[in-house]
Structures are given as C-alpha cells and as structure tokens.
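The next block holds one structure in the form of structure tokens; read it before the comments.
Residue numbers (this note's numbering): 1 to 196.
Below is the structure:
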C-alpha cells in the first residue's frame, strides 16, 4: 500500500528511499516494538522505527536486524530484493570507485558517498539520485544513536563467516564504508531494495 520513489543508476534500479515495511513479502509480520533487552537477545528478524518515534517512519523508514535480511520470506516487495555486496560494489564503481577499492574494507573511494547522499545532508550532492539520508541506527545493545549524522545499509551477502557485509555513510565524510562484523548482526540498519 506504499509507493516508493526509485532511481536508475547504470543498469540497476534502486529504491530512492528507505524500506518501511513491517511485513515480509508473503505478508508475515516482522516483529517490532522490542525492548533493548529483547533486541539484543533476539535471533529472529526484527524491525524498529528510530526511537519508536512514529514521525521518523515517513522520513527515514524502518531499521532491520540481519536476521530479517537473511530470512527467505524477503523484506523487499515481490520483484525486488536486498542488494548483494556485489551489487553495492557495482553501484560504487558506476560512481567512479576503482575495482580494487570496491573490494577493500573500511572507508573507500573518493566522493562516492557524497554522490549517494541527499543534497540536504552534510556534503551530499545526490548526483546519483540515490538520496541517502541520515537515518541513524539501532545498536546491537538496543540503543538508538546517530540520527543526524549517520546511516547504514544491509547487503544480503555473508562475508563467509555468517556475518553480513554492510555499507555506511557519515555526514561529513565523502567516502563509503564497507564492513561486516559479528557484533553488527544485531544492529538495526536501513534497507534499500534493488529490482530483480
């Protein structure tokens, strides 16, 4: 019942806003309204609105843990999916990142993050049309942090040890962070879907 803005970047079609659903593609609910302790201890898919503040749903979408991303019921609508690590790399290379940098970890590239960020956020130019906004995240201990200066996006790809690759953008930094650690699997990050 919600229509997402989309953007074409190279051969890829992406959501141009954060996913906001509270159900999987088959209609099953994704658990929400978890306390900090429940968020920390769950090993099932979960979603949250930043700070449990309803106004943030419309402007920033929902935050999801890795278990929701890794669920075969799919958090994205039919015909769409959570992008793989490779699809994020393809996006970054379309925006000018070298292949060797795209394969590295940590902060990479030159101004690819700047191209992905909304022109209303930090150094963002939004020349890509990706329109990333500062959405904060829910830490693995259940606390909500960094609503004004940070956003993270899940990929669907394990890094080989049951840990998921993700991308992170920071307000004052023009680069894109690529990482994946065990402590991050219970983090609540945003999701951008890409068309099948």
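Even glycine gets a Cβ: it sits at the ideal position worked out from N, Cα and C.
* Asked: Who pairs with residue 30 in a beta bridge, going by DSSP?
  -> DSSP lists no partner for residue 30.
* beta strand (DSSP E) segment containing residue 157, residue limits -> 150-158
* Asked: Which class does residue 51 belong to by DSSP, given the choice of helix, strand or coil?
  -> helix
* Asked: By a C-beta neighbour count over all protein chains shown, 10 Å radius and 16 as the cutoff for buried, is residue 72 buried or exposed?
  -> Residue 72 is exposed by the Cβ-count criterion.
* Which word fits residue 196, buried or exposed, when buried means at least 16 other C-beta atoms lie within 10 angstroms of its C-beta? -> exposed
* To do: Return the first residue and the last residue of the alpha helix (DSSP H) that residue 94 is part of.
  => Residue 94 -> alpha helix (DSSP H) spans 85-94.
* To do: Could you tell me whether the stretch 10-18 touches the stretch 39-50, using the rule of 3 or more Cβ pairs below 8 Å?
  => Short answer: they don't touch.
* residue 58 to residue 74 span [Cα, whole Å] -> 21 Å
* Asked: Are at least three pairs of beta-carbons, each pair with one atom in the stretch 35-46 and one in the stretch 76-84, less than 8 Å apart?
  -> no
* Please determine, among 158, 163, 126 and 187, the residue with the shortest C-alpha to C-alpha distance to residue 171. => From the listed residues 158, 163, 126 and 187, the smallest Cα separation to residue 171 is found for 126.
* What's the call for residue 65, buried or exposed, on a 16-neighbour Cβ count within 10 Å? -> Using a 10 angstroms sphere on the CB of residue 65, the tally of other CB atoms reaches 16 or more, which defines it as buried.
* Are residue 152 and residue 167 touching if we call contact CB-CB under 8 Å? -> yes
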